[in-house]
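This report refers to the structure that appears directly beneath it.
See the structure below:
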């Protein structure tokens, strides 16, 4: 795996996990939690999200194969879903606003929802992990590198959320909205590339 691939995978994981976009979600989730427990709350949320994503990294493709589904098909479906998600990030209501609204409606508190799932371990992140660790295209060593990159992105997420109060004061609601929309543009590009990769994997399209 060359440096270009490493940077590409890191950016992909960073975009789909979206640490900045999770800041308002984190602030809402801890609104009724004592200040002395905020650090433990964030650590627990990131740890739960990491476990969920690691499960998808290890067993996601095996589940698909057990169901008789081809990774190319999953990659195309995932790309379409990622693209739709990216469109809502660019033109629709921002990710943080949607998730905060859901949390208010359901009156759920805790590190699992809405912070760990679906804010950090989002459906897009789960799909991306499975696509990036295709057993037929990547060796165990390359998948281990992807796992290490995931761990690095989760560390970035942890550091970002621990500093959430300061970052939020710095960029405000408008700043978070702008960042989410820029990430939506990047994500839409990644989604299109995933669809093309799936078509190529199924032998429908020959890019090279």
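Numbering (my numbering), first residue to last: 28 to 235. Heads up, the beta-carbon is just placed ideally off N, CA and C, and yes, glycines get one too.
Extent of the continuous alpha helix (DSSP H) to which residue i belongs
{"i": "residue 110", "result": "98 to 117"}
{"i": "residue 200", "result": "191 to 228"}
{"i": "residue 160", "result": "Looking at the DSSP string, residue 160 is not in any alpha helix (DSSP H), and its letter there is neither H nor E."}
{"i": "residue 71", "result": "65 to 93"}
Spatially closest choice to residue i from the options, by CA coordinates
{"i": "residue 218", "options": "114, 228, 95", "result": "114"}
{"i": "residue 30", "options": "227, 173, 55, 196", "result": "173"}
{"i": "residue 195", "options": "46, 42, 155", "result": "46"}
{"i": "residue 171", "options": "89, 156, 41, 56", "result": "156"}
{"i": "residue 142", "options": "39, 160, 89, 44", "result": "44"}
{"i": "residue 109", "options": "230, 213, 178", "result": "213"}
{"i": "residue 76", "options": "138, 55, 42", "result": "138"}
{"i": "residue 116", "options": "178, 209, 148", "result": "209"}
{"i": "residue 74", "options": "147, 62, 215, 85", "result": "147"}
{"i": "residue 112", "options": "233, 161, 232, 215", "result": "215"}
{"i": "residue 39", "options": "211, 232, 223", "result": "211"}
{"i": "residue 161", "options": "69, 85, 62", "result": "85"}
Rounded C-alpha distance that separates residue i from residue j
{"i": "residue 71", "j": "residue 33", "result": "27 Å"}
{"i": "residue 10", "j": "residue 202", "result": "The structure shown does not extend to residue 10, since the chain is modelled only from 28 through 235, so no value can be given for it."}
{"i": "residue 60", "j": "residue 225", "result": "44 Å"}
{"i": "residue 95", "j": "residue 207", "result": "36 Å"}
{"i": "residue 36", "j": "residue 176", "result": "8 Å"}
{"i": "residue 145", "j": "residue 204", "result": "18 Å"}
{"i": "residue 100", "j": "residue 150", "result": "16 Å"}
{"i": "residue 91", "j": "residue 106", "result": "16 Å"}
{"i": "residue 192", "j": "residue 56", "result": "13 Å"}
{"i": "residue 87", "j": "residue 153", "result": "8 Å"}
{"i": "residue 93", "j": "residue 67", "result": "38 Å"}
{"i": "residue 199", "j": "residue 104", "result": "34 Å"}
{"i": "residue 232", "j": "residue 223", "result": "8 Å"}
{"i": "residue 89", "j": "residue 197", "result": "44 Å"}
{"i": "residue 62", "j": "residue 178", "result": "26 Å"}
{"i": "residue 118", "j": "residue 140", "result": "25 Å"}
{"i": "residue 102", "j": "residue 69", "result": "31 Å"}
Nearest-angstrom Cβ-Cβ length linking residue i and residue j, presumed shorter than 8 Å
{"i": "residue 98", "j": "residue 230", "result": "No, residue 98 and residue 230 are not in contact; Cβ-Cβ is about 13 Å, not under 8 Å."}
{"i": "residue 180", "j": "residue 221", "result": "Rounded, the Cβ-Cβ distance is 18 Å, inconsistent with contact."}
{"i": "residue 41", "j": "residue 183", "result": "7 Å"}
Within-8 Å CB hit, residue i to chain C
{"i": "residue 100", "result": "Among the chains in the structure shown there is no chain C, since it carries only a single protein chain."}
Stretch pair the segment 68 to 81 + the segment 165 to 173: three plus CB contacts closer than 8 Å
no
Counting pairs of Cβ atoms below 8 Å between the segment 182 to 195 and the segment 36 to 56, do you hit three or more?
Yes: at least three Cβ pairs fall under 8 Å.
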